[in-house]
Every structure is written in structure tokens, then in C-alpha cells.
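For the sequence shown, position 173 (counting from the first letter as 1) is numbered 769 according to my numbering, and the numbering increases by one without interruption.
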Amino acid sequence: MFLEEIRLAILLIGAAIAAYTDLKKGLIYNSITYPMIALGAIFLLVDLISTNNIFLIAIPLFIFLFTYALYFTGKLGGGDVKFLVAMALLLPFYRQQPFMLSALLIASLSSAFLISAITLFKFFMMKNRPKIKIDSNLLKTLALGVAILVYLAVFSLFGTLSLLAIIVLCIPLFFSLMFLALRTYIQGCFFLQWVSIDALEEDEIVAKEYLEKGAAEELGLSLKGIITEKDKERLKKLGIARVPVYRNLPPFAPFLLFGIIVAALVPDFFIKLFVP
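Below is the structure:
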């Protein structure tokens, strides 16, 4: 790819600033992501002209569509989406290795492990934590855990996954599944806030499960997980004074920075992990 080291430097600087603002303010500002996207688009254009490979557009396009779907359903912040698109434009590959796959895998696994482990520890250390009941969410998570174990066991038996890969995957998965099983209790204890309509911020993530029965469908939030300015007007017309939202969610940008650094040092991380 054209000027790989310069592209990596731009990505590292942007990721470092994004990690800082995400930790301090809980936001990744457009002033960080938009210049990165613009530079990435220029580099991509140079790559297209020099290689005549139209498929280079496929990766950033896929990342945009996939992350926007996560954003629309309230699973990913708008700043994270823009940063990941910038990353896909700037440096999808590095030294002929799937750099972005490695960076995202490292970021996802490290965030899943640390965030889940720390939050679970805080939850179980609570003196007045809610009583845990066996519900559908708990049973679904248990079934998912069994399915994942069977999946990993089958691939291990056929030699498709290395022992290192199984260990690296299983530890974060264990904590993530525990977090998922107790998600309702944890979110209610640490992240749920009821705010007035006027106090709603841009692209606020709504806690749909806490809305009155049928309210989510009436507001068109059956799939959508964010509240826009138009939604705020509709809420006022419906006479809804307060809305349950999730705030103070753990930042993802610091883990992205960590993933980028490790992937830059070990460009073939993804291949080493998944090829026995």
C-alpha cells in the first residue's frame, strides 16, 4: 500500500487522541475522525489509481455498513463508527497482512475481558446488589455458551484452531458470557439513567427494555436504539417526560489504540492465532 508507515503514523496519532478524549469526555470528536477519513480517502484513491483494484473499496464499505448497523441499533457510538471507517480507509492492510482484522480482534478481546471482569467484580462487591433470578436471558446465555464450547471443541479436534487460539478466545468469552447473563442487572446498577427530554444528548442510546409496554414500537424504536431530534419531538407529543438511557458506558477507543499498537508490532497476529 502507498506510504504505509505514514498512514500508520496518522492512525496512531488519531487513535491516541481519540483514546484520550474518550476516556476524559466519553466522546470521539468529529475534529479527530473527519480529517482521518479525508486523508484515508485520498490514500485510497491513490491506491485505486496505482493498482487498478476496485475491490479496495470493499473493506471500508463493509466496515461502514456493518458499524452503522451497530450504531443504529444502539450497540456502538457514532464516534466509534467514524473512527473505524477512517481506520479502514487508512490502513486495512500492513506489510501485506490483515492489519485491521488483527487490531479489531485484539481490541475486542481485551475490552471484553477487562470491561466484563472489572464490572462483574464491582457488581459482586455491591452490598445491596439485586437478587439474581433464573430468567430467559440467563438461559439463553447458557445455551450460547454451550454452543460456543461445542463449536470450539469441533474446530480443535479437526486441527482448525490452535491451542493458543482456544486459550486466547476462551478467557474473554467466559467473562463476556457472565456479563451477558447478568446484563440486565449490571446495566440497571451502573449505566441506567432516567433523563428529561430536554436533557437528552445527540444520538443518545435508549434503554428500550425499560420503556412502557408498546412505547418502543410506537416510537419506531423496535430496531433502532438511538434517539434523534425528531424522536425527541415525538416523545414530547406523546407526553413522555422522562426516558431511560444508558450513560457512562465504558470507552472503546483506548482498546482500539492498544489493538493498533499490537497489530503494528505483530502484523501477522491474526494469521498466527488462527492458523495452527
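Yeah, the Cβ is synthetic: ideal placement off N, Cα and C, and Gly gets one too.
With DSSP as the reference, please indicate the residues paired to I822 in a beta bridge.
-> According to DSSP, which records beta bridges pairwise, I822 is partnered with I801.
Could you check if K678 is buried or exposed, using at least 16 other CB atoms within 10 Å of its CB as the buried criterion?
-> With 16 or more other CB atoms across the displayed protein chains lying within 10 angstroms of its CB, K678 is buried.
For V841, which residues does DSSP report across the bridge?
-> Looking at the DSSP output, V841 bridges to Q789, V802.
On the three-state DSSP scale, how would you describe Y625?
-> When DSSP states are grouped into helix, strand and coil, Y625 belongs to the coil group.
Nearest candidate by alpha-carbon position, reference K727, set G784, F651, M632 | Put simply, of G784, F651, M632 the residue whose alpha carbon is nearest the alpha carbon of K727 is G784.
Which stretch, first to last residue, makes up the alpha helix (DSSP H) that contains A703?
-> It spans 695-720 - the alpha helix (DSSP H) in which A703 sits, taken as one unbroken run.
Buried/exposed call for T629, threshold 16 Cβ in 10 Å | Answer is buried; the Cβ neighbour count reaches 16.
Kindly give me the distance between the Cβ atoms of D799 and I822, rounded to whole angstroms, as I take these residues to be in contact under 8 Å.
-> A Cβ-Cβ separation of about 5 Å places D799 in contact with I822 under the 8 Å criterion.
Taking buried to mean at least 16 other C-beta atoms within 10 Å of its own C-beta, is D731 buried or exposed?
-> When all chains shown are included, D731 counts as exposed.
Look up Y690 in the DSSP assignment and give the residues it is bridged to.
-> For Y690, which the question treats as bridged, DSSP gives the partners Q693.
How would you call T715, buried or exposed, if buried means at least 16 neighbouring beta carbons within 10 angstroms?
-> By the neighbour-count criterion, in which a residue is buried when 16 or more other Cβ atoms sit within 10 angstroms of its Cβ, T715 is buried.
Between the segment 683-690 and the segment 631-646, do three or more beta carbon pairs fall short of 8 Å?
-> Contact between the segment 683-690 and the segment 631-646 is present: three or more C-beta pairs spanning the two stretches fall below 8 Å.
CB S712 to CB F854, shorter than 7 Å?
-> Taking a C-beta distance under 7 Å as the contact criterion, S712 and F854 do not qualify as a contact pair.
Limits of the alpha helix (DSSP H) - the one that T663 falls within | Its alpha helix (DSSP H) spans residues 654-668.
Starting from I762 and walking both ways along the alpha helix (DSSP H), at which residues does that stretch end?
-> Following the DSSP letters along the chain, one finds I762 inside the alpha helix (DSSP H) bounded by residues 759-777.
Starting from A875, follow the alpha helix (DSSP H) in both directions and report where the run begins and ends.
-> Since the first residue of the chain shown is 597 and the last is 872, residue 875 is not available in this structure.
Can you list, in chain order, the residues of its chain whose CB lies under 6 Å from that of F771, leaving out five sequence neighbours each side?
-> Close CB contacts of F771 within its chain, under the 6 Å cut and outside five residues either way in sequence, are with F709, S712, A713 (chain order).
Three CB pairs or more closer than 8 Å across the segment 845-853 and the segment 608-621 = Contact between the segment 845-853 and the segment 608-621 is present: three or more C-beta pairs spanning the two stretches fall below 8 Å.
Residue burial classification, L699 (beta-carbon count within 10 angstroms, cutoff 16) | Looking at the sequence provided, one finds Ala at residue 699 rather than Leu. By the neighbour-count criterion, in which 16 or more other beta carbons inside 10 Å mark a residue as buried, A699 falls on the buried side.
DSSP state of V862 mapped onto helix, strand, coil = Of the three classes helix, strand and coil, the one that applies to V862 here is coil, per DSSP.
G610, DSSP secondary structure in three states | Helix, per DSSP.
Sort I624, V764, I836, V746 by Cα distance to S792 and report the nearest one.
-> The option with the nearest alpha carbon to S792 is I836.
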